[in-house]
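Trainee: Protein chains in written order, with the working numbering: chain A, -5 to 451; chain B, 19 to 73. For glycine and all other residues, C-beta sits at the position ideal for the given N, C-alpha and C. All of these numbers come straight from a predicted model, not from anything done at the bench.
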């Protein structure tokens, strides 16, 4: 009898393990849809003369981010949660020694960075995080279209995707992260470490990059530079929303595995309890709220779909604990404010081609702070937490949001400044006027017709 | 190179079963990193030539 019970338990464990492995594995192609969306979105938002060049930039950002995240990005996540000292945290799943043991693609730790029949978790977790990393690069990419050099941008994408965001994730999206343990930071869906970091990284780059030729007049007023294909842009935005379901699915820690927080309950990455059902309510309410909010002022499908993104980002920090009606209110407000915020930024002379700084940066900060206002007192960590662990608070969310802004902005600004000083940042004006495709792409987006009216090419 | 385990049965322990698991994995990574850097450097040289040609 005991043998039979043991066999049933073993069989159940195999099923659970393969379910968990398949669950995270399937989030990866879902998240790839985010990149399908960004590709379509960016190429549609680009003028005909720059379409293929924008696509190439986007594809290379994805590829180099993935590769470098394997080489060293994953290591940062496990090494630095407690700060740059690299010491071990309370949960003993962090620190330089721990990262050296599991997250380097050489030496003994290589066994967890490749095929291993005893490890059903590392590959799928790494894959999901690698897609998060690539998402940050794609977010910044849209803001910089039509005047940033390809290799210069790839270097920026590597810094953002394999360094900046993962440092922010280690600090605020890890049970040993110092923002979590000391400030009670809660950011379930990564409004901070993905969206705010990427948005403010893009701002730092934009300040060095400058606007597209023809964007601003001598008196400082701005011209609208329309992309060549609104349908591609809007459908791309909708695909990003589809991909977000995978992104948010991957933010849950499933039960019943050696690496799970609990044997019988799903949790956030912080070990606080949650269900997929919560996401079923809240994601679609956020999408709807954002679209409706953006429609109030703009009546423009581009901004309405951007409102959908903003809607999700505005509540991403608390998707696990928000009530759906609250989600609608917050996401609707986010949709309402994106266009005025984007106009304000443009008034400062910043040419953010797709509103990425506003939608991801500003709204990311808005979302983190709003959660602090309404969720104060909620535990930031699961039942395993030390007694003196901080709880969610308004001050904690504000401080953490400030850290996220700086972790994005500072490296973005400094690396862009460095690239600018060596002539690797901005495409020369003559090439911008002619069109990037004719200058550096051996193909045409529309070989049978369609040229930008301002290009001789 | 070569099969790093005594048999496939050994692979069901918590152990790498990939080509290079017996110590060569790091060299594959070194080569991959060098390739990445060289490709970026060559790509940048080519890109700058194109901009110069259209100045």
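1) Counting pairs of Cβ atoms below 8 Å between the stretch 229 to 245 of chain A and the stretch 45 to 55 of chain A, do you hit three or more?
2) Where does residue 57 of chain B fall in DSSP's three states?
3) So what's residue 34 of chain B in DSSP terms, helix, strand or just coil?
4) The alpha helix (DSSP H) spanning residue 430 of chain A covers which residue range?
5) By the three-class DSSP mapping on this structure, what secondary structure does residue 385 of chain A have?
6) Could you name the residues that DSSP lists as bridge partners for residue 420 of chain A?
7) Hey, quick one: how far does the alpha helix (DSSP H) through residue 318 of chain A stretch, first residue to last?
8) Identify whether residue 157 of chain A lies in helix, strand or coil by the three-state DSSP scheme.
9) For the putative contact between residue 20 of chain B and residue 101 of chain A, defined by C-beta atoms under 8 Å, what is the C-beta separation to the nearest angstrom?
10) Between residue 148 of chain A and chain B, is the shortest Cβ-Cβ distance under 8 Å, so that the two count as touching?
11) Using DSSP bridges, identify the partner residues of residue 261 of chain A.
12) Could you tell me which chain B residues have their CB closer than 7 Å to the CB of residue 217 of chain A, listed as they occur along the chain?
13) Got a sec: which bits of the stretch 413 to 436 of chain A sit with their beta carbon under 9 Å from any beta carbon on chain B, in order along the chain?
14) Is residue 358 of chain A closer than 8 Å to residue 189 of chain A when the C-beta atoms are compared?
15) State the start and end residues of the unbroken alpha helix (DSSP H) segment that holds residue 380 of chain A.
16) Looking only at its own chain, which residues have a Cβ that is under 7 Å from the Cβ of residue 113 of chain A, when we skip the five neighbours before and after it?
17) On the DSSP bridge list, what partners appear for residue 110 of chain A?
18) Do residue 24 of chain A and residue 305 of chain A come within 8 Å of each other at the CB atom, strictly closer than that value?
19) Taking C-alpha atoms, which residue in A:243, A:58, A:245 lies nearest to residue 153 of chain A?
20) Considering only the alpha carbon of each residue, which of A:250, A:401, A:181 lies closest to residue 314 of chain A?
21) Pull up the distance between the alpha-carbon of residue 275 of chain A and that of residue 15 of chain A, whole angstroms please.
22) Would you call residue 9 of chain A buried or exposed, if buried means 16 or more other Cβ atoms sit within 10 Å of its Cβ?
23) Which whole-angstrom value is the C-beta distance of residue 73 of chain B and residue 282 of chain A, which I expect to be below 8 Å?
24) Under 8 Å, Cβ to Cβ, is there at least one residue of chain B near residue 108 of chain A?
25) Restricting to Cα atoms, I'd like to know which of A:62, A:173, A:95 is closest to residue 375 of chain A.
26) I'd like the span of the alpha helix (DSSP H) that includes residue 473 of chain A, first residue to last.
27) May I ask which residues mark the beginning and end of the alpha helix (DSSP H) holding residue 299 of chain A?
28) Look up residue 119 of chain A in the DSSP assignment and give the residues it is bridged to.
29) From the beta carbon of residue 25 of chain B, is the nearest beta carbon of chain A less than 8 Å away?
30) May I ask you to list the residues that DSSP assigns as paired with residue 463 of chain A?
31) Terminal residues of the continuous alpha helix (DSSP H) containing residue 176 of chain A?
32) Of all Cβ atoms in chain A, is any one closer than 8 Å to the Cβ of residue 40 of chain B?
33) Going by other Cβ atoms of all chains shown within 10 Å of its Cβ, with 16 needed for buried, is residue 67 of chain B buried or exposed?
34) In angstroms, rounded to a whole number, what distance separates the CA positions of residue 218 of chain A and residue 298 of chain A?
35) Based on the DSSP output, what are the partners of residue 373 of chain A in its beta bridges?
36) So if I threshold CB-CB distances at 7 Å, which residues from the stretch 136 to 165 of chain A count as touching chain B?
Mentor: To lay it out plainly:
1) no
2) Your numbering for residue 57 of chain B matches position 39 in the second chain. Three-state DSSP puts residue 57 of chain B in a helix.
3) Your numbering for residue 34 of chain B matches position 16 in the second chain. Looking at residue 34 of chain B - three-state DSSP - the assignment turns out to be strand.
4) Walking along the first chain from the start, residue 430 of chain A turns up at place 436. Per DSSP, residue 430 of chain A belongs to the alpha helix (DSSP H) from 430 to 434.
5) Here residue 385 of chain A corresponds to residue number 391 of the first chain, with the count starting at 1. Here residue 385 of chain A sits in strand by DSSP.
6) Against the first chain, residue 420 of chain A aligns to sequence position 426. According to DSSP, which records beta bridges pairwise, residue 420 of chain A is partnered with A:142.
7) Translated into the one-based positions of the first chain, residue 318 of chain A becomes position 324. From DSSP, the alpha helix (DSSP H) with residue 318 of chain A extends over 318 to 341.
8) To locate residue 157 of chain A, count along the first chain from 1; it is residue 163. Looking at residue 157 of chain A - three-state DSSP - the assignment turns out to be helix.
9) The residue you call residue 20 of chain B lines up with position 2 of the second chain. The residue you call residue 101 of chain A lines up with position 107 of the first chain. Not really, about 19 Å apart at Cβ, beyond 8 Å.
10) Stepping through the first chain from its first residue, residue 148 of chain A is reached at position 154. Closer than 8 Å to some Cβ of chain B, the Cβ of residue 148 of chain A qualifies, so yes.
11) Within the first chain, residue 261 of chain A is the residue found at index 267, counting from 1. In the DSSP output, where bridge partners are listed per residue, residue 261 of chain A has A:247, A:267.
12) Position 223 of the first chain, counting from 1, holds the residue named residue 217 of chain A. Ordered by position in chain B, no residue passes the 7 Å Cβ test against residue 217 of chain A, which lies about 24 Å from the chain.
13) 417, 418, 421, 422, 424, 425, 428, 432, 433, 434
14) Against the first chain, residue 189 of chain A aligns to sequence position 195. Against the first chain, residue 358 of chain A aligns to sequence position 364. Yes, these two residues count as a Cβ contact at 8 Å.
15) The count along the first chain starts at 1 and reaches residue 380 of chain A at position 386. Note, residue 380 of chain A: premise wrong, no alpha helix (DSSP H); not H, not E.
16) Translated into the one-based positions of the first chain, residue 113 of chain A becomes position 119. Contacts found: 106.
17) Indexing the first chain from 1 puts residue 110 of chain A at position 116. DSSP lists B:34 as partners of residue 110 of chain A.
18) Residue mapping note: residue 305 of chain A aligns to position 311 of the first chain, counting from 1. Residue mapping note: residue 24 of chain A aligns to position 30 of the first chain, counting from 1. No. Outside cutoff.
19) Taking the first chain and counting its residues from 1, one reaches residue 153 of chain A at position 159. Checked all of A:243, A:58, A:245; the closest Cα to residue 153 of chain A is A:58.
20) In the first chain, counting from the first residue as 1, residue 314 of chain A sits at position 320. Of the candidates A:250, A:401, A:181, the one whose C-alpha sits nearest the C-alpha of residue 314 of chain A is A:181.
21) On the first chain, position 281 is the one that residue 275 of chain A refers to. On the first chain, position 21 is the one that residue 15 of chain A refers to. Rounded to the nearest angstrom, the two C-alpha atoms are 25 Å apart.
22) Taking the first residue of the first chain as position 1, residue 9 of chain A is located at position 15. Exposed is the call here.
23) Position 55 of the second chain holds residue 73 of chain B. Position 288 of the first chain holds residue 282 of chain A. Their Cβ separation, rounded to whole angstroms, is 50 Å, which puts residue 73 of chain B and residue 282 of chain A out of contact at 8 Å.
24) Within the first chain, the letter at position 114 stands for residue 108 of chain A. Yes, residue 108 of chain A counts as interfacial toward chain B.
25) Within the first chain, residue 375 of chain A is the residue found at index 381, counting from 1. Among A:62, A:173, A:95, the Cα nearest to that of residue 375 of chain A belongs to A:173.
26) The first residue shown for chain A is -5 and the last is 451, placing residue 473 of chain A beyond what the model contains.
27) The sequence position of residue 299 of chain A within the first chain is 305, counting from 1. Start and end: 295 to 310.
28) Taking the first residue of the first chain as 1, we reach residue 119 of chain A at position 125. In the DSSP output, where bridge partners are listed per residue, residue 119 of chain A has none listed.
29) Here residue 25 of chain B corresponds to residue number 7 of the second chain, with the count starting at 1. Chain A contact via Cβ: absent.
30) No answer is possible for residue 463 of chain A: it lies beyond the span of chain A, which begins at -5 and ends at 451.
31) Translated into the one-based positions of the first chain, residue 176 of chain A becomes position 182. Note, residue 176 of chain A: alpha helix (DSSP H), 172 to 177.
32) Taking the second chain and counting its residues from 1, the one referred to as residue 40 of chain B is at position 22. False, the Cβ-Cβ gap to chain A never drops below 8 Å.
33) Translated into positions along the second chain, residue 67 of chain B becomes position 49. Exposed.
34) Numbered from 1 along the first chain, position 224 holds the residue referred to as residue 218 of chain A. Numbered from 1 along the first chain, position 304 holds the residue referred to as residue 298 of chain A. Approximately 17 Å between the Cα atoms of the pair.
35) Looking up residue 373 of chain A in the first chain gives position 379. Bridge partners of residue 373 of chain A: A:385.
36) 143, 144, 145, 148
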